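Our numbering puts the first residue of the sequence shown at 17, with every later residue one more than the last. By construction, the Cβ of each residue, glycine as well, lies at the ideal position given by its N, Cα and C atoms. Predicted model, so just to flag it, every value in this text is computed and none were measured.
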Amino acid sequence: MEPVFPPKNSPADRLVLFVADGLRADKIFENKMKRAPFLKEKAIQEGVWGVSHTRVPTESRPGHVAIIAGFYEDVSAVTKDILPMFSHGTSKEGKMEMFMYASDAEDFTTDGSVLDTWVFEKFDEFLDNASKNITLFDQLSQKKICIFFHLLGLDTNGHAHRPFSETYLNNINSVDEGISNVVKKLEKFFNNDRKTSYIFTADHGMSDRGSHGDGHPDNTQTPLIAWGAGISKPHKYDSGSDPEDGLTAKWDMTDKARIDVNQADIAPLMSTLIGVPYPMNSVGRIPLKYIGEDEEFKAKASLGNAKQILRQYLVKEKEKSQTEIFFKPFKKLLQWELKLKTIEELIAKEFYKKAELKSVELVLTCLDGLRYYQTYDWLFLRSIISTGSP
Ligand SMILES: [Zn+2]
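Below is the structure:
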């Protein structure tokens, strides 16, 4: 499959992704985010915030795959390590720098926030080195780079002490402080060039018992806070369009609108920000309210999103049409070429908002179509059984 690129004029040169492992949404958002003053400022005064809804199993690996690759992988691989998984995909020498502690450092009996401190200190060292070492400096100054922080303290503390313990709650504070320092130092390193996008989220939440894995909201509701290059300014709060679960008010977060996403939506958002191709197997829908660019940019980004999912759909369709004797195509996309052409014409005529709406509609239809072929065998097996029975 050919990769699909977002619009060329990407707003960010680099992206910083913070994943706080096992941070459940309510624990950071409640009481108007009093435990995270730095992130609160970003959520309410500078960027956009919301809940990122994960799928089951609420485990680290599927969570990270959804965030970075935009798809929900099957259950078989849940126990694999996170960082080595990323290095597999980066075949080219020098494309990735990775720092990780030995796994015996994940000691569940003490305060897990030392794991985060380790990560933050390593990054300090790395940045120091980059300001002295020209090769490293050049690497870090390239465009389209992603700096990824996997912060494991909260998960460790949640398992050992439960998510309502002082140790877990204080860890939110130390993560907030650590991130504040990272941002300050990065901004200084890049001379406040306003070309960095920041995304803060979690891979999964945590139950009161200190476990995760199932679909309870404590496990599936994670925070999302985005700010910086290409990210929209805060949206006005509107009780009419607020998610109906009552959480926004319960958390005292009604200052600015809460914009929820599905976890896989973060992947195409990140691609759009730094201008790298949409991940090939992504089923994420770009959360347009997170994007602060103009209508033309958003229309083109939505069209890219639609094209990328359409390509997956066409591959699936081809596979099915070749293996099924009585092939029944997905009717709503028989005229996909016409649909694409219509959107492209709207963009050419500068009807951007309309093009965006049509693209969003096409994304949904393509996702329907993907589901149709994914469950095709099951659907037709069922119809054979039901027509075969007396
Ligand atoms: Zn865990």
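Would DSSP call F153 helix, strand or coil?
If DSSP states are grouped into helix, strand and coil, F153 belongs with the helices.
Hey, how far is the Cα of T236 from the Cα of K148?
Each residue's Cα considered, the two are about 43 Å apart.
Where does S227 sit, in a helix, a strand or coil, going by DSSP?
In this structure, S227 counts as coil in the three-state DSSP scheme.
Looking at G38 and ligand 1, is the gap between the Cβ and the nearest heavy atom below 7 Å?
True, at least one ligand heavy atom lies under 7 Å from that Cβ.
I need the DSSP call for P239, collapsed to helix, strand or coil.
Of the three classes helix, strand and coil, the one that applies to P239 here is strand, per DSSP.
Given this structure, state the Cα-to-Cα distance separating Y392 from L350, to the nearest angstrom.
Approximately 17 Å between the Cα atoms of the pair.
Taking the alpha-carbon positions, what's the R301 to H220 distance?
So the two alpha carbons sit approximately 19 Å from each other.
Between the region 203-216 and the region 25-45, do at least 3 Cβ pairs fall closer than 8 Å?
Verdict: yes, contact present.
Check S196 in the structure and name its three-state DSSP category.
In the structure shown, S196 sits in a helix (DSSP, three-state: H, G or I).
Within 8 Å, do at least three Cβ pairs link the region 286-296 to the region 317-332?
Contact between the region 317-332 and the region 286-296 is present, because at least three Cβ pairs lie under 8 Å.
Buried or exposed: which applies to W352, given that a residue is buried once 16 or more other Cβ atoms fall within 10 Å of its Cβ?
W352 comes out buried.
What does a CB cutoff of less than 6 Å around K159 pick up in its chain, not counting 5 residues either side in sequence?
The answer, listed in chain order, is D29.
Looking only at its own chain, which residues have a Cβ that is under 6 Å from the Cβ of F21, when we skip the five neighbours before and after it?
P293.
May I ask you to verify whether the region 56-65 touches the region 237-245, counting CB pairs closer than 8 Å and requiring at least 3?
Flag = yes, the region 56-65 and the region 237-245 touch.
Between K370 and chain C, is the shortest Cβ-Cβ distance under 8 Å, so that the two count as touching?
The displayed structure is made up of one protein chain only, and chain C is not part of it.
For L386, which residues of its own chain have a beta-carbon under 8 Å away from its beta-carbon, when the five flanking residues on both sides are left out?
Excluding sequence neighbours, L386 sits near V299, I325, Q328, Y329 and K332.
Can you determine whether any heavy atom of ligand 1 sits closer than 7 Å to the C-beta of H232, and answer yes or no?
No, ligand 1 has no heavy atom inside 7 Å of this Cβ.
If you draw a straight line from the alpha carbon of I195 to that of K211, how long is it in whole angstroms?
Cα to Cα, I195 sits roughly 17 Å from K211.
Excluding the 5 residues preceding and the 5 following F343 in the sequence, name in chain order all residues of the same chain whose CB lies nearer than 6 Å to its CB.
Contacts found: S337.
Quick one: which unbroken alpha helix (DSSP H) runs of 4-plus residues sit fully inside the region 25-65? Chain order, please.
Taking only runs of at least 4 residues, the alpha helix (DSSP H) segments lying wholly in the region 25-65 are 41-49 and 53-57.
Provide the residue span of the beta strand (DSSP E) that contains T381, from first to last.
From DSSP, T381 is part of no beta strand (DSSP E) but of the alpha helix (DSSP H) over Y368 to Q390.
Pull up the DSSP beta-bridge partners for S68, would you.
DSSP lists T238 and V277 as partners of S68.
Using three-state DSSP, classify I247 as helix, strand or coil.
Strand at I247.
If you draw a straight line from the alpha carbon of A364 to that of A85, how long is it in whole angstroms?
Near 30 Å, if we compare the C-alpha coordinates of A85 and A364.
Would you report the Cα separation of P23 and E309, rounded to the nearest angstrom?
About 11 Å.
Look at the Cβ atom of D276, then the Cβ atom of H69, and state whether they are nearer than 8 Å.
Yes, these two residues count as a Cβ contact at 8 Å.
Name the two residues that bound the continuous alpha helix (DSSP H) containing L349.
No alpha helix (DSSP H) holds L349; DSSP gives it neither H nor E.
Is any heavy atom of ligand 1 found at a distance shorter than 7 Å from the C-beta of H175?
Yes, since a heavy atom of ligand 1 falls inside the 7 Å radius drawn around the Cβ of H175.
Closest to M49 by CA distance: which of K374, Y388, D271 and M222 is it?
The residue with the shortest Cα to Cα distance from M49 is D271.
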